[in-house]
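Take a look at the structure below.
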Amino acid sequence: MNNKALIIIAFVFVFQILVKPISIAQNPQWINYTVGSQIMALASESNFIWVGTTGGLVKINSTTGETIFYNRGNSNLPDNHVRSVKIDSLGNKWIGTYGGGVAKFDNVNWEIYNTFNSGLPDNDVLSIVIDDTGNKWIGTYHGVAKFDNINWTVYNTYYGFKCISIDSIGNKWFGTNDGVLKFDNVSWTFYNKYNSGLPDNYVHSITIDNQGNKWIGTLEGLSKFNNTNWTNFNTTNSGLPDNSVWTIEIDSFENKWVGTDGGGVVKFDNTNWTIYNTLNSGLTNNSLWTIVIDSSGNKWFGTINGLSKFDNTNWSDYNTSILNLSSHFNFIQSIAVDEQGNKWFGSETGGLANFDNFNWAIFTVNNSGLTDHSIFSIAVDEDDNKWFGTYNTVTQFDNVIWTVYDYSNSILPYSNFISIAIDSQGNKWFGADAGGIAKFNNDYWTIYDTSNSNIPSNNIRSISIDEQGNKWIGTLGGIAKFDSTNWTIYDVSNSGLPSNYIRTGAIDNQNNKWFSIYNLGVVKFDNINWTIYNTANSDLPDNNVMSITIDSQGNKWFGTDGGGIAKFDDINWTIYNTSNSGIPDNSIKSIVIDNQENKWVGSNGGGVGVFNENGIILKENEKIKKPTNDLTLFPNPTTATFTLSINNVQNKNLQITVYNSLGSLVYSEKSKSINEHFQKQINLGSVSKGIFFVKVIAGETVMNKKIIVE
Numbered sequence: 159m160n161n162k163a164l165i166i167i168a169f170v171f172v173f174q175i176l177v178k179p180i181s182i183a184q185n186p187q188w189i190n191y192t193v194g195s196q197i198m199a200l201a202s203e204s205n206f207i208w209v210g211t212t213g214g215l216v217k218i219n220s221t222t223g224e225t226i227f228y229n230r231g232n233s234n235l236p237d238n239h240v241r242s243v244k245i246d247s248l249g250n251k252w253i254g255t256y257g258g259g260v261a262k263f264d265n266v267n268w269e270i271y272n273t274f275n276s277g278l279p280d281n282d283v284l285s286i287v288i289d290d291t292g293n294k295w296i297g298t299y300h301g302v303a304k305f306d307n308i309n310w311t312v313y314n315t316y317y318g319f320k321c322i323s324i325d326s327i328g329n330k331w332f333g334t335n336d337g338v339l340k341f342d343n344v345s346w347t348f349y350n351k352y353n354s355g356l357p358d359n360y361v362h363s364i365t366i367d368n369q370g371n372k373w374i375g376t377l378e379g380l381s382k383f384n385n386t387n388w389t390n391f392n393t394t395n396s397g398l399p400d401n402s403v404w405t406i407e408i409d410s411f412e413n414k415w416v417g418t419d420g421g422g423v424v425k426f427d428n429t430n431w432t433i434y435n436t437l438n439s440g441l442t443n444n445s446l447w448t449i450v451i452d453s454s455g456n457k458w459f460g461t462i463n464g465l466s467k468f469d470n471t472n473w474s475d476y477n478t479s480i481l482n483l484s485s486h487f488n489f490i491q492s493i494a495v496d497e498q499g500n501k502w503f504g505s506e507t508g509g510l511a512n513f514d515n516f517n518w519a520i521f522t523v524n525n526s527g528l529t530d531h532s533i534f535s536i537a538v539d540e541d542d543n544k545w546f547g548t549y550n551t552v553t554q555f556d557n558v559i560w561t562v563y564d565y566s567n568s569i570l571p572y573s574n575f576i577s578i579a580i581d582s583q584g585n586k587w588f589g590a591d592a593g594g595i596a597k598f599n600n601d602y603w604t605i606y607d608t609s610n611s612n613i614p615s616n617n618i619r620s621i622s623i624d625e626q627g628n629k630w631i632g633t634l635g636g637i638a639k640f641d642s643t644n645w646t647i648y649d650v651s652n653s654g655l656p657s658n659y660i661r662t663g664a665i666d667n668q669n670n671k672w673f674s675i676y677n678l679g680v681v682k683f684d685n686i687n688w689t690i691y692n693t694a695n696s697d698l699p700d701n702n703v704m705s706i707t708i709d710s711q712g713n714k715w716f717g718t719d720g721g722g723i724a725k726f727d728d729i730n731w732t733i734y735n736t737s738n739s740g741i742p743d744n745s746i747k748s749i750v751i752d753n754q755e756n757k758w759v760g761s762n763g764g765g766v767g768v769f770n771e772n773g774i775i776l777k778e779n780e781k782i783k784k785p786t787n788d789l790t791l792f793p794n795p796t797t798a799t800f801t802l803s804i805n806n807v808q809n810k811n812l813q814i815t816v817y818n819s820l821g822s823l824v825y826s827e828k829s830k831s832i833n834e835h836f837q838k839q840i841n842l843g844s845v846s847k848g849i850f851f852v853k854v855i856a857g858e859t860v861m862n863k864k865i866i867v868e
């Protein structure tokens with residue numbers, strides 16, 4: 159048997175979040191850690207820019223650079239995924255979210271409109287526009303709603319309204335996946351590629367110029383419609399850099415600024431095309447969702463990886479994220495806590511993150527021994543080794559060395575490892591989604607599958623180990639109990655299971671076994687009786703339970719696919735969702751409880767949430783610190799010379815260092831900031847092209863940011 163493993167030692171750069179004490183007497187019950195680098199919406203108000211991201215809402219003072227973050231944990235924002243922001247004549251912000259409906263925010267108070275308390279046809283809001291009389295036109299996946307601040311009128315629930323524009327005579331123009339709809343407040347006119355010159359039915363944006371021309375962004379290029387004729391621009395007949403047009407804005411000179419999905423942004427003056435992309439400008443990414451032009455003529459470009467400002471000469475970047483991570487970390491599918499209290503988060507497609515309550519470290523295939531960015535499962539053994547189940551591999555990390563096991567150097571099956579359990583003897587049990595169970599005693603591997611054991615299915619969903627050392631294995635063929643010799647099978651034919659499709663499991667301190675059944679709720683087994691809990695006979699909010707965790711008091715915590723979290727004390731149910739708590743999202747894939755009884759919640763799109771009914775404790779006897787980041791680098795990318803800008807550093811000694819991607823120091827300087835705002839030009843000299851990490855120590859605060867040298 160070949161047990162030789164691939165061993166890798168890698169350098170990992172640690173990102174530290176700038177933190178400030180919260181100015182309240184009591185620690186909060188909820189904190190959200192979100193990634194807001196993916197910009198979905200922009201709105202301009204005086205010298206403020208309002209930014210809708212997949213990690214919440216951000217308010218940026220474009221003069222001072224001051225940033226305020228709003229999310230589910232610190233505000234009444236109904237969802238962390240913000241798709242639209244519009245500002246009415248009174249300064250109210252109308253915020254469309256993906257899943258939470260609409261929020262009206264007057265800078266102090268929040269008012270929420272959703273399908274439960276209003277005439278909104280759908281909580282997935284894609285677009286908002288405000289007409290001259292103050293009516294709000296709200297586009298959703300299931301129709302458009304007109305709201306006059308009292309009454310709701312819903313139109314065309316068949317269509318999903320992705321964008322809305324209003325012309326000078328009050329006609330509404332709607333972009334859908336089926337073409338363009340025009341509404342003159344009485345009649346509807348439908349334009350698609352079959353009955354008009356529209357090049358494609360997938361319409362992402364509509365903007366109207368001063369002559370009344372409609373500029374329409376589609377998947378097959380840019381179209382101009384003057385109410386009679388269609389003129390189409392694409393990569394073949396124009397300077398358009400990409401045919402997928404997502405956003406269009408028009409400046410005071412009637413220049414069209416067109417954001418594409420992969421080709422950057424192009425300025426069209428009706429004759430010439432000028433392209434700006436990551437190679438020739440400070441644009442942070444070539445895929446743009448949104449553009450806004452402020453009152454000074456500055457262009458703000460919201461991309462899938464950051465916010466850029468262009469004043470027609472210079473480029474600046476603005477931080478829109480609480481976490482300096484990729485947006486993949488809004489999707490968390492596994493969590494574990496090690497012996498030091500560090501939290502380990504496995505993302506769906508972005509790799510691994512480690513959090514020691516103040517600092518974040520990122521592990522990817524580029525800087526660690528990970529072989530894949532999908533981290534399905536995490537466990538920590540008694541020696542504090544971390545074990546990660548990924549796509550076709552099991553990876554061990556002892557904080558220095560990475561050891562990789564797969565089908566090439568062991569007898570592991572070619573499969574995804576979506577569950578891990580460690581028994582009292584230190585044996586590791588890995589559940590594969592198509593290959594049975596692999597047991598590893600640190601020397602040898604043993605495989606249990608349908609060909610050599612009585613396990614009912616090779617599709618393993620969960621493994622739990624009771625006090626007697628029995629393994630309780632949830633499969634797509636029922637439940638298997640394995641005492642290391644004998645197998646006992648429970649399925650619909652011989653038990654109270656409503657289905658053989660087991661999703662996850664846990665064992666409480668009374669030795670009761672808890673299993674979630676796909677779309678059928680939760681079942682409790684006390685070794686004699688089976689008890690089913692579902693939405694019909696209990697207060698369980700959703701029948702699709704994706705995670706089960708049990709706290710030190712024996713309370714059961716169920717993470718559901720759309721109903722938030724349910725806490726069950728065997729008598730009473732307590733529900734936490736986006737309507738009544740600071741939970742980051744209603745779809746919860748993982749819950750882990752640390753030694754301070756903080757619940758670490760991994761959501762499916764809303765980032766990480768932390769919850770403690772008695773107030774969150776991140777470090778014993780230490781107050782919570784709120785993450786921010788006041789460090790800005792521009793231009794970024796750069797040619798080795800860039801400007802470093804920091805806020806809130808008055809009378810601070812500064813240590814500025816720059817490291818390359820291998821961790822080697824390439825620049826170091828000490829300075830002192832007299833004023834609150836510090837700015838300095840940094841020249842890295844003749845460094846090679848690549849990614850560099852800037853670290854600034856200001857007193858007790860440490861700030862880090864990435865910069866690209868091209």
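Residue numbers (my numbering): 159 to 868.
The beta carbon of each residue, even a glycine, is placed where N, CA and C say it ideally should be.
Because the structure is a prediction, the values reported are computed rather than measured.
Within 8 angstroms, strictly: CB atoms of residue i and residue j
{"i": "residue 745", "j": "residue 773", "result": "no"}
{"i": "residue 527", "j": "residue 555", "result": "yes"}
{"i": "residue 361", "j": "residue 328", "result": "no"}
{"i": "residue 196", "j": "residue 463", "result": "yes"}
{"i": "residue 767", "j": "residue 741", "result": "yes"}
{"i": "residue 227", "j": "residue 474", "result": "no"}
{"i": "residue 658", "j": "residue 678", "result": "no"}
{"i": "residue 331", "j": "residue 364", "result": "yes"}
{"i": "residue 485", "j": "residue 193", "result": "yes"}
{"i": "residue 376", "j": "residue 399", "result": "no"}
For residue j and residue i, believed in contact at Cβ under 8 angstroms, the rounded distance
{"i": "residue 694", "j": "residue 623", "result": "The Cβ separation is near 32 angstroms, so there is no contact."}
{"i": "residue 493", "j": "residue 748", "result": "5 angstroms"}
{"i": "residue 662", "j": "residue 704", "result": "7 angstroms"}
{"i": "residue 712", "j": "residue 754", "result": "Contact flag wrong, Cβ pair sits at about 18 angstroms."}
{"i": "residue 435", "j": "residue 421", "result": "7 angstroms"}
Residue burial classification, residue i (beta-carbon count within 10 angstroms, cutoff 16)
{"i": "residue 411", "result": "exposed"}
{"i": "residue 248", "result": "exposed"}
{"i": "residue 506", "result": "buried"}
{"i": "residue 433", "result": "buried"}
{"i": "residue 346", "result": "exposed"}
{"i": "residue 777", "result": "exposed"}
{"i": "residue 615", "result": "buried"}
{"i": "residue 349", "result": "buried"}
{"i": "residue 812", "result": "buried"}
{"i": "residue 491", "result": "buried"}
{"i": "residue 848", "result": "exposed"}
{"i": "residue 582", "result": "exposed"}
{"i": "residue 788", "result": "buried"}
{"i": "residue 441", "result": "buried"}
Close beta carbons around residue i, own chain, < 6 angstroms, minus the five adjacent residues each side
{"i": "residue 390", "result": "357, 379, 381"}
{"i": "residue 552", "result": "563, 575, 588"}
{"i": "residue 549", "result": "530, 532, 574"}
{"i": "residue 546", "result": "533, 536, 553"}
{"i": "residue 869", "result": "Residue numbering for the chain in the displayed model covers 159 to 868; residue 869 lies beyond these limits and cannot be assessed."}
{"i": "residue 650", "result": "658"}
{"i": "residue 857", "result": "810"}
{"i": "residue 322", "result": "285, 287, 295, 297, 332"}
Contacting residues, own chain, Cβ-Cβ under 7 angstroms from residue i (five flanking each side not counted)
{"i": "residue 880", "result": "Since the first residue shown for the chain is 159 and the last is 868, residue 880 is missing from the structure and cannot be characterised."}
{"i": "residue 312", "result": "277, 279, 301, 303"}
First through last residue of the beta strand (DSSP E) which encompasses residue i
{"i": "residue 674", "result": "671-675"}
{"i": "residue 640", "result": "636-640"}
{"i": "residue 706", "result": "703-708"}
{"i": "residue 301", "result": "301-305"}
{"i": "residue 206", "result": "206-211"}
{"i": "residue 228", "result": "225-228"}
{"i": "residue 535", "result": "535-538"}
Cβ-heavy atom distance, residue i to the ligand NAP, below 7 angstroms
{"i": "residue 578", "result": "No copy of the ligand NAP occurs in the structure displayed, which carries no ligand at all."}
Nonlocal neighbours in the same chain, by C-beta distance under 8 angstroms from residue i, ignoring five residues either side
{"i": "residue 162", "result": "Only weak support is given to the placement of residue 162: the predicted model assigns it a pLDDT of 47, under 50, and the value that follows is read from those uncertain coordinates. Taken in chain order, the residues that qualify are 567."}
{"i": "residue 691", "result": "679, 680, 681, 682, 698, 726"}
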